[in-house]
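Visitor:
Quick look at the structure:
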């Protein structure tokens, strides 16, 4: 199969930069268009990003000389797929216009996430949700990522939900500042501090995993049948969302049963050996003080969900800690993995 021409929408933002980094020399996709606002359009990517590139390493050479265009399907000829890192204030309308023009969209924005026939896709968790794309009326199809906070949480819950059933979940997030984009949280608000509020975050954390873990019926997705209570906090860590999770099960498992469920868990990305798929979606750390962002964030090139501290919960049943890379596994990397899955399933 030949490479597919793709565009990155919101290419100058934090998630856009990750897309550009992760798509360098990709075996399935070739970036031909970088799209951003009027302030950047008409300039080369290198000129615009001289002081705005915030990822380790230089801007990939393939992207440096691309002339930035507006996020408009009329000025992206030959593109079959667009990765969207657009701000939610503009993403909904722009992404719909691309789908109407016959260009598939894989989005990190919240705008289409809860539409019944739009997959909230986590490639190892719910690949079967791609079945609902047939009920979308536009020639181009829209697929979304979940919120970055709950990406790793949902992956850790998937094998437990399948094997033991879940009645309820309590989660407490400690979210990195990169999740707020650039320039993000003001220095004097976050250094030496914890901010116990992130606008709209708790609502997403309480509903999006239910859709990810739901089932398909009649061309739409029906949510899973348990409840989640979330507390979301911003902490002075650059990358990596850490979440403390407590779970009440329908059939209470033993410690060894939970560990076996995690260690044996694999999905279609592993079966297909997709380029960005980690060998194991979940890695359990035995140390009593892991996972930690500084030590564990790059596991599996940032695509592995790292879990630790499994222990009994005196109120619910079991509790543990989850770490995931918020801009890789929780955003650009997950979107590319979703696209790789669609490519191999001939859905592009």
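Residue numbers (the UniProt record's numbering): 1 to 348. Beta carbons: idealized from backbone N, C-alpha and C, even for Gly. Remember, it's a predicted structure, so these values are computed and weren't measured experimentally.
1) For residue 188, name the three-state secondary structure that DSSP assigns.
2) Does the stretch 205-214 touch the stretch 256-267, meaning 3 or more C-beta pairs lie closer than 8 Å?
3) Does the pairing of the stretch 23-33 with the stretch 74-91 give three or more beta-carbon distances under 8 Å?
4) Quick check on DSSP: helix, strand or coil for residue 97?
5) Determine the direct distance from the alpha carbon of residue 42 to that of residue 282, and round the result to whole angstroms.
6) Quick check: does the Cβ of residue 340 come within less than 6 Å of any heavy atom belonging to the ligand ATP?
7) So for residue 196, helix, strand or coil by DSSP?
8) Checking 7 Å against the spacing of the C-beta atoms, do residue 190 and residue 198 come in under that value?
9) Three-state secondary structure (DSSP) at residue 44?
10) So the beta strand (DSSP E) residue 333 belongs to, where does it begin and stop?
11) Between residue 230 and residue 206, is the Cβ-Cβ spacing less than 7 Å?
12) Is the number of C-beta pairs between the stretch 95-113 and the stretch 137-149 that are closer than 8 Å three or more?
13) Got a sec? Which residues, its chain only, sit under 8 Å from residue 92 by beta carbon, not counting five neighbours each side?
14) Spell out the partners DSSP gives residue 312 in its beta bridges.
15) Going by the CB atoms, is the gap between residue 337 and residue 350 shorter than 7 Å?
16) Starting from residue 7 and walking both ways along the beta strand (DSSP E), at which residues does that stretch end?
17) Hey, would you say residue 288 sits closer than 7 Å to residue 127, going by beta carbons?
18) Run through DSSP, which three-state label would residue 49 get?
19) Please report how far the alpha carbon of residue 47 lies from the alpha carbon of residue 171, in whole angstroms.
20) So what does DSSP say about residue 118, is it helix, strand or coil?
21) Considering just the uninterrupted stretch of the alpha helix (DSSP H) at residue 261, what are its terminal residues?
22) Since residue 285 sits in a beta bridge, which residues does DSSP pair it with?
23) Which residue comes first and which comes last in the beta strand (DSSP E) that contains residue 175?
24) DSSP three-state call for residue 136: helix, strand or coil?
25) Are the stretch 242-260 and the stretch 314-321 touching, with three or more C-beta to C-beta distances below 8 Å?
Guide: The short version:
1) The DSSP-derived three-state label of residue 188 is helix.
2) No contact exists between the stretch 256-267 and the stretch 205-214.
3) Touching, yes, given that three or more Cβ pairs across the two stretches are closer than 8 Å.
4) DSSP, reduced to helix, strand and coil, places residue 97 within a helical segment of the structure shown.
5) Roughly 43 Å separates the two Cα atoms.
6) The model depicted lacks the ligand ATP and carries no ligand whatsoever.
7) Secondary structure at residue 196: coil, using DSSP grouped into helix, strand and coil.
8) Cβ distance not < 7 Å, so residue 190 and residue 198 don't count as in contact.
9) DSSP, reduced to helix, strand and coil, places residue 44 within a strand of the structure shown.
10) Not the beta strand (DSSP E): residue 333 falls in the alpha helix (DSSP H), residues 333-344.
11) Yes. Within cutoff.
12) Segments in contact, yes.
13) For residue 92, where only same-chain residues beyond five positions count, the Cβ hits under 8 Å are 109, 111 and 112.
14) BP columns for residue 312 point to 318.
15) Nothing can be reported for residue 350, as the shown portion of the chain is limited to 1 through 348.
16) 4-9 is the extent of the beta strand (DSSP E) around residue 7.
17) For the 7 Å CB-CB criterion, residue 288 and residue 127 do not form a contact.
18) In the displayed model, residue 49 falls within coil according to three-state DSSP, outside both helix and strand.
19) Take the alpha-carbon of residue 47 and the one of residue 171: they are about 42 Å apart.
20) Assignment of residue 118 by DSSP, reduced to helix, strand and coil, places it in the coil class.
21) Boundaries of the alpha helix (DSSP H) around residue 261: 255-263.
22) Answer by DSSP bridge pairing, in chain order: 308.
23) Its beta strand (DSSP E) spans residues 166-175.
24) Of the three classes helix, strand and coil, the one that applies to residue 136 here is coil, per DSSP.
25) Enough Cβ pairs lie closer than 8 Å, so yes.
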